[in-house]
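Trainee:
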Ligand SMILES: [Zn+2]
């Protein structure tokens, strides 16, 4: 299952929509910003029913 979530880029501050695959459970991955193409680290928490509980966004160099 994929959830569409609006996120804010930690580099350029622009908001964009990202599709998050929740079927794999909680995960950490890197996706480039749609606007400035910098690598953003996503951390997602997903419960057993596949509901997105939390999304944390940070710069790769944090
Ligand atoms: Zn950006």
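Residue numbers (this note's numbering): 25 to 86. Each residue gets a CB set at the ideal place from its N, CA and C atoms; glycine is no exception.
Can you tell me whether residue 50 is helix, strand or coil according to DSSP?
Mentor: Of the three classes helix, strand and coil, the one that applies to residue 50 here is coil, per DSSP.
Trainee: Considering Cα atoms alone, identify which of 58, 67, 66 is closest to residue 7.
Mentor: There is no way to answer for residue 7, as the model of the chain reaches only from 25 to 86.
Trainee: Are residue 43 and residue 54 close, meaning C-beta to C-beta below 7 Å?
Mentor: It is not a contact, given that the beta carbons lie outside the stated cut-off.
Trainee: Nearest to residue 39 by CA position, among 45, 68, 56, 52, is which residue?
Mentor: That would be 56, whose Cα lies nearest to the Cα of residue 39.
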